[in-house]
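> Below you will find the structure I want to go over with you.
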Amino acid sequence: MGNLRLLKFYLFIATFFLAITCAKAQQTSIPEKDQYFDFAFGVGENSLTSYSLSWNQNYGLFASKKLRLGYGVRFSGLNGKEINYITAPANLTGDDATIDTLYMGKANTMALNAMINIQYQFHPKVKLGFNIDALGLGFGGEQSANFISSENTGQFPENLNAKPTSFNLLLVGDNDIGQLKSEFYLAYAVTEKAWLRAGFDMTFSEYTSNQVLTNENDRFRNKATLFFLAVSYNPF
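This is the structure we're talking about:
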């Protein structure tokens, strides 16, 4: 069922891109500034789903205004079952011998983050974009977990509790802390005020165990890649 759902999603994405290619775009000017609300929903392997609600504001640069930079605020979440979270701190991830696993039978992490937007609007009705969370708060309910480590010879429990890491900070790669989302996407204007977006959602989610475990570590991360669809609307 999971593979069938993903296949249907891929077909929908292909149809969406084909529609963009074939549509006759209305010639309108590219605005100097735009702002909008956005809702996105993504699906991935292992029953992973993601969602987000954000507010964004972007500014066109140079005379053409095609290159656009902006900022926003995003509330997001990730849900899944039977997920492996591995050792998160960058000083431990470079060596397989210091990587442990926190197995989550059920995961549900949420975040409220400030975000950065970069877009290239090569046509008034079509643009490519990238956004990424930079700083914020993580939250969610405490969950039971199984600790898996070759270094655990009985001094650490195999069953424990963990909760989403409460502080989020973009530091690049494994230096990142907490719950952080980024998106690569293609967007198409269906009306003057509404856009459709589709692309890849990369969500880092992180749990902190209720006690320090091997290698003095209590942070565990999952890196998920999902396909997403979104609707953006400018009510102003």
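Following UniProt numbering, the numbering of the sequence shown begins with 1 at its first residue and continues without gaps.
For every residue, glycine included, the Cβ atom is placed at its ideal position computed from N, Cα and C.
It should be emphasised that the depicted structure is a prediction, and the values quoted were computed from it without experimental measurement.
In whole angstroms, give me the CA-to-CA distance for E142 and P164.
Answer to the nearest angstrom: the Cα atoms are 7 angstroms apart.
> Quick check: the Cα distance between W195 and N215, rounded to an integer number of angstroms?
Roughly 47 angstroms between the two C-alpha positions.
> Can you name the residues that DSSP bridges to K106?
According to DSSP, which records beta bridges pairwise, K106 is partnered with K81.
> Between the C-alpha atoms of K33 and L61, what's the straight-line distance to the nearest angstrom?
If you take the alpha carbons of K33 and L61, they lie about 10 angstroms apart.
> Among the residues of its own chain, which have a CB less than 7 angstroms from the CB of G72, if the five just before and after it don't count?
Contacts found: S54, W55, N56, Q57, M115 and N117.
> Just checking my contact of G199 with E183 at CB under 8 angstroms: how many whole Å lie between their CB atoms?
Their Cβ separation, rounded to whole angstroms, is 6 angstroms, which keeps G199 and E183 in contact under 8 angstroms.
> Identify the continuous alpha helix (DSSP H) that holds T93 and give its terminal residues.
Unbroken alpha helix (DSSP H) run through T93: A90 to T93.
> What does E183 pair with, by DSSP beta-bridge criteria?
N131 and D201, per the DSSP bridge assignment.
> DSSP on N217, reduced to helix/strand/coil?
Three-state DSSP puts N217 in coil, outside helix and strand.
> Report yes or no: do three or more beta-carbon pairs, one from the region 102-109 and one from the region 76-93, lie closer than 8 angstroms?
They touch, by the three-pair rule.
> In whole angstroms, what is the alpha-carbon distance linking N46 and M110?
Distance between the alpha carbons of N46 and M110: 18 angstroms.
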